[in-house]
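Engineer: Below: one structure in structure tokens.
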Amino acid sequence: MTQYLDFEKPLSEIEGKAEELRAMARADETVDVEREAALLDAKARDLLTSLYGGLSPWQKAQVARHADRPHCKDYIETLFTDWTPLAGDRNFADDHAVMGGLARLEGRAVVVIGHEKGHDTRTRIERNFGMARPEGYRKAIRLMEMADRFGLPVVSLIDTPGAYPGKGAEERGQSEAIARSTQACLRLGVPLVSVIIGEGGSGGAVAFATANRVAMLEHSIYSVISPEGCASILWKDAEKMREAAEALRLTAQDLLKLSVIDRVVPEPLGGAHRNRAETVRAVGEAIEGMLAEFDGRPAEDIRAARRTKFLGMGSTGLVA
Amino acid sequence: MNWISNYVRPKINSLFSRREVPENLWTKCDECGTMLFHRELADNLQVCTNCGHHMNITPRERFNALFDGGVFTDVAVPKPIDDPLRFRDQKKYPDRLKAAQKASGETEAMLVVEGEIHRTPVVAACQDFSFMAGSMGMYVGNAIIAAAERAVALGRPLILFSAAGGARMQEGILSLMQMPRTTVAVEMLKEAGLPYIVVLTHPTTGGVTASYAMLGDVQIAEPNALICFAGPRVIEQTIRETLPEGFQRAEYLLDHGMLDRVTPRGEQRDELATILRMLTGEGPIVYGDLPAPIQDEALAEAVQAVEETVEATPAPAADGDKTT
Ligand SMILES: [Zn+2]
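Protein chains in written order, with the working numbering: chain P, 6 to 325; chain L, -5 to 318.
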């Protein structure tokens, strides 16, 4: 069952009708509905094309958060071999919102770090909805430092609403953990490449995405604050999230124009959740392409290039 | 008494009373309700003389009290492009910015200067909470990078006073990008072997706390300053329980191992110089009567040029101290 977003309502009606017809035909073999159903299919496809061709920033935010969108775990399990999760921050706990470990991408050993949101109630709670606590960043720091020592590239998959606003997370120094994680990214002499696969929420995203190359899926978002949060602060009305999403320039397309990201990975028609396998494959190709750019480059060069990139960021505005 | 309190301070205070407090002669302490005479409050660095409550202080007022003789020079900050996202909420971003500039008389939410504290040359940066809640955008990022570059060029420590409601939302993703940008600045200092001291003031929250404000070699906070990533209201809404007394305040963070010290404003000048002089292999502070620092610009430049030549020649004793 496809889960429809609010703006997909008209689509759900057409696709629902087509499904109804086919169900009828399955029940009674004498009824031929295929012609009519095929017409509805074509209509749905047209509608999907027009809807997804002109998604507003707020609609993209909804697609980016779609429950059926492939998550970190899906990418890891499909794209990588020899996946060996490594747990814990050696200090307090293992944060299940952050996956991390060793794996091979097309035979090449890498360290993988990513936020995992979970896919049903049980796993969402277990994963804390992809909101890391300090231990998650500290695990990532530990793994990045190990990657650096052994010359392994780091791949990070970003999908988080942001850091966890909880008592314990604050008491255990999540500000410091995020700052140190960003610092660990900047110190790497191995390439760090990131893909924003869903939500790139604020400091929780930056902590793993201070990378040599950052790619974004076509309908993912990356922002300093959620549209709802921004609306409630600047508009004093959380319902103004459409306006806030617009103003924040949080889409992959705008961020590419601002040179905050380096490439946009196209999604299948109707969003990543409509063809998960194709999405995962496209992200895999993007990661390999980004890593290949750094083959043979010396550590000092890779580190310096990353710093120069961030120092220069923001020197041009939106090129109209 | 030394020359600072005898001569320079009264002159500075008279400047303040003329410029900044024309009508409001009295300020009420938010904490204890005492009515405080403005002159007395300014003399006490905007700290309540009755209960010790630390109120907002402008960067210039802070630097006047921090530096020897109230003497400091602004360090130039590269101006970022205007309104990069063409952001508009209920007001246009450039209009909000202009209003803040008019109210404060400053360009932006951070002031970078150089000067001496107990004859210890430093670069200092101070965030201005009264300027759009001290929020961090491109300018603040540029200011911190300029401060670090200046410190590295002069071989001086950097002291940073933080105060911010968080990121400058009107600069969207570019405000978020100041987290890595300012972290690069901190890395420059670490690589140059220069001390970086952060003084967290009320309030320091959000992305500011999660970047340069938490990466100091020494972390000092002002009493009762709110220091957090997620604010207490957001947390209460999320976990639906009342937070303990003093949660996310300086003393609470000190207890939880997140800070080195909590130091009242009036003691910071001595403390900062004491720490920096130990970290940089200098002798203890010499208290007492000292000649005023050179204020003539041409002469100061000449002295600096000589100092730079001296610094360029190896000083084995000092280097030896640094490597141990
Ligand atoms: Zn008081």
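Glycine included, each C-beta is placed from N, C-alpha and C at the ideal position.
From which residue to which residue does the alpha helix (DSSP H) around T268(L) run?
Structural biologist: Sequence index remark: in the second sequence, residue 268(L) carries index 274 (1-based). Here the alpha helix (DSSP H) through T268(L) covers 259 to 273.
Engineer: What residues match up with P115(L) in a beta bridge as DSSP calls it?
Structural biologist: Walking along the second sequence from the start, residue 115(L) turns up at place 121. DSSP, once it has assigned bridges, lists E110(L) as partnering P115(L).
Engineer: Pull the bridge partners of E204(P) from the DSSP assignment, please.
Structural biologist: Taking the first sequence and counting its residues from 1, one reaches residue 204(P) at position 199. E204(P) is bridged to I226(P).
Engineer: Does DSSP put K122(P) in a helix, in a strand, or in coil?
Structural biologist: For the purposes of this step, residue 122(P) is identified with residue 117 of the first sequence, where counting begins at 1. K122(P) falls in the coil class under three-state DSSP.
Engineer: Which of the three DSSP states is assigned to V228(L) in this structure?
Structural biologist: On the second sequence, position 234 is the one that residue 228(L) refers to. Looking at V228(L) - three-state DSSP - the assignment turns out to be helix.
Engineer: Run the proximity test for H124(P): is its beta-carbon closer than 8 angstroms to any non-hydrogen atom belonging to ligand 1?
Structural biologist: For the purposes of this step, residue 124(P) is taken as the residue at position 119 of the first sequence. Because no heavy atom of ligand 1 lies under 8 angstroms away, the Cβ of H124(P) does not count as near it: no.
Engineer: Quick check for students: name the residue ranges of the beta strand (DSSP E) that lie wholly in the segment 163 to 210 of chain L, counting only runs of 3 or more.
Structural biologist: Within the segment 163 to 210 of chain L, the complete beta strand (DSSP E) runs of at least 3 residues are 190 to 199.
Engineer: Name, please, each residue of chain L whose Cβ falls closer than 9 angstroms to the Cβ of A184(P).
Structural biologist: Here residue 184(P) is taken as the residue at index 179 of the first sequence, counted from 1. Within chain L, the residues near A184(P) are M173, T177, V180, T203, A204, S205, Y206, A207, M208, L209.
Engineer: Which two residues bound the contiguous beta strand (DSSP E) that contains Q213(L)?
Structural biologist: Position 219 of the second sequence holds residue 213(L). Run containing Q213(L): 212 to 215, per the beta strand (DSSP E) assignment.
Engineer: Sorted by chain position, which residues of the same chain lie with C-beta nearer than 7 angstroms to N243(P)'s C-beta, five sequence neighbours on each side aside?
Structural biologist: One-based indexing of the first sequence puts residue 243(P) at position 238. It should be noted that the sequence gives Ala, not Asn, for residue 243(P). Closer than 7 angstroms at Cβ, skipping near neighbours: E233, A236, S237.
Engineer: Closest Cβ-Cβ distance between A63(P) and chain L: below 9 angstroms?
Structural biologist: Within the first sequence, numbered from 1, the residue matching residue 63(P) stands at position 58. Checking the sequence shown, residue 63(P) turns out to be Trp, not Ala. No, W63(P) lies away from the interface with chain L (no Cβ there is under 9 angstroms from its Cβ).
Engineer: Is there a Cβ from chain L that is less than 9 angstroms from the Cβ of G178(P)?
Structural biologist: Mapped onto the first sequence, residue 178(P) falls at position 173. G178(P) counts as touching chain L.
Engineer: Looking at the strands, I want to know which residues DSSP matches up with K22(L).
Structural biologist: Within the second sequence, residue 22(L) is the residue found at index 28, counting from 1. In DSSP, K22(L) forms a bridge with M29(L).
Engineer: Quick test of the definition: if touching needs 3 or more C-beta pairs under 8 angstroms, does the segment 96 to 114 of chain L touch the segment 56 to 67 of chain L?
Structural biologist: Because the criterion of three Cβ pairs below 8 angstroms is met, the segment 96 to 114 of chain L and the segment 56 to 67 of chain L touch.
Engineer: If you count every other CB in all the chains shown that lies within 10 Å of the CB of V36(P), and 16 or more means buried, which is it?
Structural biologist: As a first step, residue 36(P) must be located in the first sequence, where it is residue number 31. Classification for V36(P): exposed.
Engineer: Quick one: Cα of L16(P) to Cα of R247(P), how far?
Structural biologist: Position 11 of the first sequence, counted from the first residue, corresponds to residue 16(P). Position 242 of the first sequence, counted from the first residue, corresponds to residue 247(P). If you take the alpha carbons of L16(P) and R247(P), they lie about 21 angstroms apart.
Engineer: Give the secondary structure of I19(P) by DSSP, where H, G and I count as helix, E and B as strand, and everything else as coil.
Structural biologist: Numbered from its first residue, the first sequence carries residue 19(P) at position 14. Of the three classes helix, strand and coil, the one that applies to I19(P) here is helix, per DSSP.
Engineer: Ignore the nearest five residues each way along the sequence and tell me which others in T176(L)'s own chain have a CB closer than 6 angstroms to its CB.
Structural biologist: Against the second sequence, residue 176(L) aligns to sequence position 182. Contacts found: G135, I138, S205, Y206.
Engineer: Quick one: grab the DSSP three-state call for V134(L).
Structural biologist: Here the question's residue 134(L) lines up with position 140 in the second sequence. Residue state, collapsed to three classes: helix.
Engineer: Would you give the residue range spanned by the alpha helix (DSSP H) that T313(P) belongs to?
Structural biologist: Within the first sequence, numbered from 1, the residue matching residue 313(P) stands at position 308. Element bounds for T313(P): 304 to 317.
Engineer: Counting only Cβ pairs nearer than 7 angstroms, list the residues of chain P close to D83(L).
Structural biologist: For the purposes of this step, residue 83(L) is identified with residue 89 of the second sequence, where counting begins at 1. Going along chain P in sequence order, the residues near D83(L) (Cβ under 7 angstroms) are L239, W240, A252.
Engineer: Tell me whether N44(L), by its Cβ, gets closer than 8 angstroms to a heavy atom of ligand 1.
Structural biologist: Within the second sequence, the letter at position 50 stands for residue 44(L). Yes; taking the cut-off as 8 angstroms, the Cβ of N44(L) has a heavy atom of ligand 1 nearer than that.
Engineer: On the DSSP bridge assignment, give the partners of L154(L) in chain order.
Structural biologist: Mapped onto the second sequence, residue 154(L) falls at position 160. In the DSSP output, where bridge partners are listed per residue, L154(L) has A119(L), V192(L).
Engineer: Check each candidate in E150(P), A220(P), S161(P) and name the one with the smallest Cα separation from R192(P).
Structural biologist: Counted from its first residue, the first sequence places residue 192(P) at position 187. The option with the nearest alpha carbon to R192(P) is E150(P).
Engineer: Hey, does T140(L) have any beta-carbon neighbour from chain P nearer than 9 angstroms?
Structural biologist: The residue labelled residue 140(L) in the question sits at position 146 within the second sequence. The sequence shown places Ala at residue 140(L), not Thr. No, because no Cβ of chain P sits closer than 9 angstroms to the Cβ of A140(L).
Engineer: At least one CB of chain L closer than 9 angstroms to the CB of D11(P): is that the case?
Structural biologist: Residue numbering aside, residue 11(P) sits at position 6 when the first sequence is read from its first letter. D11(P) does not count as touching chain L.
Engineer: Reducing DSSP to helix, strand and coil, say where C77(P) ends up.
Structural biologist: The count along the first sequence starts at 1 and reaches residue 77(P) at position 72. Helix.
Engineer: From N217(P) to K314(P), what does the alpha carbon distance come to, in whole angstroms?
Structural biologist: To locate residue 217(P), count along the first sequence from 1; it is residue 212. To locate residue 314(P), count along the first sequence from 1; it is residue 309. Those two C-alpha atoms are separated by around 8 angstroms.
Engineer: Roughly how many whole angstroms lie between the Cα atoms of P271(P) and E290(P)?
Structural biologist: Taking the first residue of the first sequence as position 1, residue 271(P) is located at position 266. Taking the first residue of the first sequence as position 1, residue 290(P) is located at position 285. C-alpha separation (whole angstroms): 11 angstroms.
Engineer: First and last residue of the alpha helix (DSSP H) that includes L247(L)?
Structural biologist: Numbered from its first residue, the second sequence carries residue 247(L) at position 253. Start and end: 244 to 249.
Engineer: Let me check understanding here. Comparing Cα to Cα, which of E39(P), G112(P), E176(P), A212(P) lies closest to P238(L)?
Structural biologist: Locating residue 238(L) in the second sequence gives position 244, counting from the first residue. Closest by alpha carbon: E176(P).
Engineer: So I230(P) contacts chain L; which residues on that side make the cut at Cβ distance below 8 angstroms?
Structural biologist: For the purposes of this step, residue 230(P) is taken as the residue at position 225 of the first sequence. Ordered by position in chain L, the residues that pass the 8 angstroms Cβ test against I230(P) are A161, M163.
Engineer: Is the segment 60 to 74 of chain P close to the segment 276 to 285 of chain P, with three or more CB pairs under 8 angstroms?
Structural biologist: Judged by Cβ distances under 8 angstroms, the segment 60 to 74 of chain P makes contact with the segment 276 to 285 of chain P, as three or more pairs qualify.
Engineer: Counting only beta-carbon separations shorter than 9 angstroms, does I221(L) have a partner in chain P?
Structural biologist: As a working note, residue 221(L) is residue 227 in the second sequence. Judged by the 9 angstroms Cβ criterion, I221(L) is in contact with chain P.
Engineer: Judging by CA-CA distance, which residue of A36(L), T28(L), P72(L) is the nearest neighbour of N44(L)?
Structural biologist: By 1-based counting over the second sequence, the position of residue 44(L) is 50. Minimum Cα distance to N44(L) is reached at T28(L).
Engineer: So which residues on chain L does V115(P) lean against when the C-beta distance must stay under 7 angstroms?
Structural biologist: Position 110 of the first sequence, counted from the start, is the residue given in the question as residue 115(P). In chain order: nothing, as chain L lies at least about 21 angstroms away.
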